[in-house]
Amino acid sequence: MRQEQSSVHPNMQQDKPLLQLQHVNIQIGEQQLLADGQLEVYQGECVALLGPSGEGKSTLLKAIAHLLPLETTTSTKVVHALWPRLGLNRGHGNGHDSASSSQQAQPFFKVSGEMRFAQHDLNALTAKQWQQIRGVQLGFMMQNAAENFDERKNVISHFIEAVHAHDPKVPVSTIEDEAIKLLYRMQLAYPERILHQYSYEFSQGMCQRLALALTLILRPQLILADEFTSALDLYTRLEVLRLIKELQQELGFALLFITHYPQEASFMANRIY
Numbered sequence: 028m029r030q031e032q033s034s035v036h037p038n039m040q041q042d043k044p045l046l047q048l049q050h051v052n053i054q055i056g057e058q059q060l061l062a063d064g065q066l067e068v069y070q071g072e073c074v075a076l077l078g079p080s081g082e083g084k085s086t087l088l089k090a091i092a093h094l095l096p097l098e099t100t101t102s103t104k105v106v107h108a109l110w111p112r113l114g115l116n117r118g119h120g121n122g123h124d125s126a127s128s129s130q131q132a133q134p135f136f137k138v139s140g141e142m143r144f145a146q147h148d149l150n151a152l153t154a155k156q157w158q159q160i161r162g163v164q165l166g167f168m169m170q171n172a173a174e175n176f177d178e179r180k181n182v183i184s185h186f187i188e189a190v191h192a193h194d195p196k197v198p199v200s201t202i203e204d205e206a207i208k209l210l211y212r213m214q215l216a217y218p219e220r221i222l223h224q225y226s227y228e229f230s231q232g233m234c235q236r237l238a239l240a241l242t243l244i245l246r247p248q249l250i251l252a253d254e255f256t257s258a259l260d261l262y263t264r265l266e267v268l269r270l271i272k273e274l275q276q277e278l279g280f281a282l283l284f285i286t287h288y289p290q291e292a293s294f295m296a297n298r299i300y
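Numbering (this note's numbering), first residue to last: 28 to 300.
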């Protein structure tokens with residue numbers, strides 16, 4: 028990866044990186060997806076991964092968040108649940124192949140190299156430790172915001188589930204109050220009503236704002252964003268980018284995001300890889 032500097036974050040010379048990757052390699056079967064990946068993200072800064080499709084950018088973000096089915100994964104159910112969302116379902120025939128043949132057609136990933144986040148060795152974390160970090164300290168936003176939501180559940184249910192997954196003792200009323208404040212901050216009108224609606228009732232732009240609010244309710248230190256504006260029209264994309272930039276300055280979280288657009292990277296990022 029080649030780094031281009033657009034502006035220097037004021038604390039970069041004094042602080043250790045919040046996220047640091049060194050010599051990261053990712054393979055699937057015998058295919059090398061990423062070789063010698065290296066990058067750093069400091070607290071409060073915005074870093075862009077810029078480039079065309081097929082260079083391993085999304086795969087790298089999923090590797091950082093431990094969302095790839097690795098060779099050490101033992102649960103077949105977990106592996107097969109992840110494949111469709113990763114866009115790597117390479118099964119054959121009519122989609123009704125046996126689990127064994129499907130698993131042969133979908134090899135595991137191999138990830139090597141050093142990945143550190145907030146002084147944690149991401150390669151050494153247990154499942155319980157990942158539950159404490161993912162969401163609370165490390166947020167993740169997918170390409171299609173609507174996929175963040177279960178259409179059978181209303182919006183407030185998603186906020187309650189997100190918070191209670193980490194602290195079941197938080198009162199529902201407290202979660203609802205915080206969600207309303209965040210939706211106001213997302214510049215969404217009538218947030219009290221929105222909380223009791225469903226994702227299929229909203230546009231992509233509104234879903235993107237809801238997904239951002241859902242990520243921010245746990246106040247993560249770093250957000251990984253995988254082409255979070257790709258499904259939006261130009262006007263809505265600019266609105267969302269300005270909103271995220273304002274929220275980042277206000278709340279102080281770091282952002283590592285993927286984009287295909289040089290103008291988007293230049294507008295948002297302190298540094299570009």
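C-beta atoms are modelled at their ideal positions from N, C-alpha and C, and glycine is treated no differently. This structure is a prediction, so every number in the text was calculated from the model and none was measured.
Have a look at the options and flag the residue whose alpha-carbon is nearest the alpha-carbon of residue i.
i    : options                   : result
Q170 : D253, L152 and E205       : D253
D260 : L274, L245, S230 and L283 : S230
G81  : K89, N181, L60 and L66    : L60
E273 : M213, L222, L245 and Y262 : M213
G140 : L87, Q164, R179 and V163  : L87
N175 : L165, V163, A189 and Q164 : A189
G232 : Y262, R220 and F294       : Y262
Using beta-carbon positions only, say whether residue i and residue j come within less than 7 Å of one another.
i    : j    : result
A75  : A258 : no
I250 : L282 : yes
F255 : M142 : no
I299 : L46  : no
H185 : L241 : yes
A238 : C73  : no
I285 : K84  : yes
L243 : L209 : yes
L305 : V163 : This structure leaves residue 305 out entirely; the chain is present only between 28 and 300.
Between residue i and the rest of its own chain, which residues show a CB-CB distance below 6 Å, the 5 nearest in sequence each way excluded?
i    : result
R112 : Because R112 carries a pLDDT of 44, less than 50, the predicted location of this residue cannot be relied on, and the following value inherits that uncertainty. So the list is empty, once near-sequence residues are dropped.
A173 : S226 and C234
D63  : H50
Given that a residue counts as buried once 16 or more other Cβ atoms are within 10 Å of its Cβ, and exposed if not, what is residue i?
i    : result
P247 : buried
A126 : Because A126 carries a pLDDT of 44, less than 50, the predicted location of this residue cannot be relied on, and the following value inherits that uncertainty. Result: exposed.
V197 : exposed
R236 : buried
A154 : exposed
P289 : exposed
K89  : buried
A151 : exposed
P218 : buried
N121 : Bear in mind that a pLDDT of 44 at N121, under 50, signals an unreliable position, so the model cannot answer this.
E277 : exposed
A206 : buried
T201 : exposed
E67  : buried
Q156 : exposed
Closer than 7 Å by C-beta to residue i: which residues in its own chain qualify, once you throw out the five before and the five after it? Chain order, please.
i    : result
V199 : I187
F280 : P247, Q248, L249 and I250
Q224 : N181 and V182
E203 : I183 and L222
E178 : Y225, S226 and Y227
By Cβ distance below 8 Å, which residues in the same chain neighbour residue i in space, the five residues on each side in sequence not counted?
i    : result
L149 : I91, H93, M142 and R143
Q65  : M28, L48, Q49, H50 and V51
R161 : A92, H93 and F167
D42  : Y69 and Q70
P79  : H287
Q158 : A192 and H193
For the segment 220-272, which segments carrying the beta strand (DSSP E) assignment without a break, of at least 3 residues, lie completely within its bounds, in sequence order?
-> 249-253
Can you list, in chain order, the stretches of the beta strand (DSSP E) that have 3 or more residues and sit fully within the segment 136-166?
-> 136-144
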